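Visitor:
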Amino acid sequence: MRIVLLGPQGVGKGTQAQRLSERIGAPHVSTGDLVRAEIAAQTPLGRTLKDRTERGELAPDEVIVSLALTHLADKTSWILDGFPRTLTQARALDEALANAGEALDCVLALQAPDAEVVERLSGRRQSEATGRIYNLANDPPPPDDPGPFVQREDDHPDNIRRRLQIYHTATEPLKGYYAERGLLREIDSTGPIDAVTDAILAVLNALPARASKAPLSGTARAAAQTRADKLAS
Ligand code: AMP
């Protein structure tokens, strides 16, 4: 299945993506994790993106599209978390899928009020050992995760507010974009984590069966390489 998870930071996309990945066997692909991996490895791209990411600002569309499509090229299913985040990115993903004769199965918009999202983000911690995300309030780290559990720079209060503002202006319009294409399903994400997972699984079970088997490889990889070459020049 090819699923996009849409929603503000802190609404539970990462947590639900991890759970869905375990349940339906599709890989969880987080562009935020890809960006953080570039930063941690101190690649030239990582160095360019570091300040912007820590302030909670979006990376340039060309960079993210190239990173995401390169990562997706050999996969036939995925749960996308944090991509696309702008209309330009959504169109680039559609173009890559169309070139491969493929399509998305569903876009799940996870919803919660801003106040709740802010509260959740302030309690969020990520394990440096496993990369898993926890919440001190309602999803604390289990004993078998050695940690340490760190708060991300972009989860500090000023950065949280900036990210929410960016979400409402740049990303929320994607709901209309996907609703027009009949792909949008809205999920109330204010309840307990298990209830949200169940609501998502119910939506996925109700989707019409679709045979989506071809990877994006050839065409998408070529497009991503062209974009990367343009950036490098
Ligand atoms: P996230 O963990 O999804 O909140 O992503 C962390 C940071 O990575 C964001 O604040 C952006 O700087 C960058 N990033 C991740 N995904 C995207 C995207 N689709 N578009 C632009 N920037 C992104």
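So in the numbering used here, spot 91 of the sequence shown is number 126, and the numbers just go up one at a time.
Quick reminder that beta carbons are idealized off the backbone N, C-alpha and C, glycines included.
In this text, all values refer to a predicted model and were calculated from it rather than measured experimentally.
(1) Here's a check: name, in chain order, each residue in its chain whose Cβ is nearer than 7 Å to the Cβ of Arg82, leaving out the five neighbours to either side.
(2) Say whether chain B places a C-beta atom closer than 9 Å to the C-beta of Tyr212.
(3) My parser needs the alpha helix (DSSP H) runs of 4 or more residues fully inside the region 204-245; what are they?
(4) Counting Cβ pairs closer than 8 Å, one from the region 60-77 and one from the region 108-119, do we hit at least three?
(5) Which two residues bound the contiguous alpha helix (DSSP H) that contains Val152?
(6) On the three-state DSSP scale, how would you describe Val100?
(7) On a CA-only basis, which of Leu122, Arg187 and Leu104 is nearest Leu115? Give me that one, please.
(8) Would you call the region 86-106 and the region 175-183 in contact, with 3 or more CB pairs under 8 Å?
(9) Any heavy atom of ligand 1 closer than 8 Å to the CB of Leu209?
(10) Could you check where the alpha helix (DSSP H) with Ala52 kicks off and where it finishes?
(11) Does DSSP put Arg167 in a helix, in a strand, or in coil?
(12) Does His63 come out as helix, strand or coil in the three-state DSSP assignment?
(13) Ordered along the chain, which non-local residues of its own chain (more than five positions away) have a Cβ less than 6 Å from that of Glu188?
(14) Assign Glu163 to one of two classes, buried (16 or more other C-beta atoms within 10 Å of its C-beta) or exposed (fewer than that).
(15) Taking the alpha-carbon positions, what's the Thr203 to Asp223 distance?
Guide: Reading off the structure:
(1) As a working note, residue 82 is residue 47 in the sequence shown. Excluding positions up to five away in sequence, the list is empty.
(2) Within the model displayed, chain B is absent; a lone protein chain is all it includes.
(3) 209-215 and 228-240
(4) yes
(5) As a first step, residue 152 is located in the sequence shown; it is residue number 117 there, counting from the start. According to the DSSP assignment, Val152 belongs to the alpha helix (DSSP H) that extends over Asp149 to Ser157.
(6) Against the sequence shown, residue 100 aligns to sequence position 65. Residue state, collapsed to three classes: helix.
(7) As a first step, residue 115 must be located in the sequence shown, where it is residue number 80. Among Leu122, Arg187 and Leu104, the Cα nearest to that of Leu115 is on Leu104.
(8) no
(9) For the purposes of this step, residue 209 is taken as residue 174 along the sequence shown, with counting starting at 1. Outside the cutoff, so no.
(10) Walking along the sequence shown from the start, residue 52 turns up at place 17. Residues Lys48 to Ile59.
(11) For the purposes of this step, residue 167 is taken as residue 132 along the sequence shown, with counting starting at 1. In the structure shown, the three-state DSSP call for Arg167 is coil.
(12) Counted from its first residue, the sequence shown places residue 63 at position 28. Three-state result, His63: strand.
(13) Locating residue 188 in the sequence shown gives position 153, where the first residue counts as 1. Here the set comprises Glu89.
(14) As a first step, residue 163 is located in the sequence shown; it is residue number 128 there, counting from the start. Exposed: under 16 other Cβ atoms inside 10 Å.
(15) In the sequence shown, the residue the question calls residue 203 occupies position 168. In the sequence shown, the residue the question calls residue 223 occupies position 188. Sequence check: residue 203 is His here, not Thr. If I take the Cα positions, the gap works out to 17 Å.
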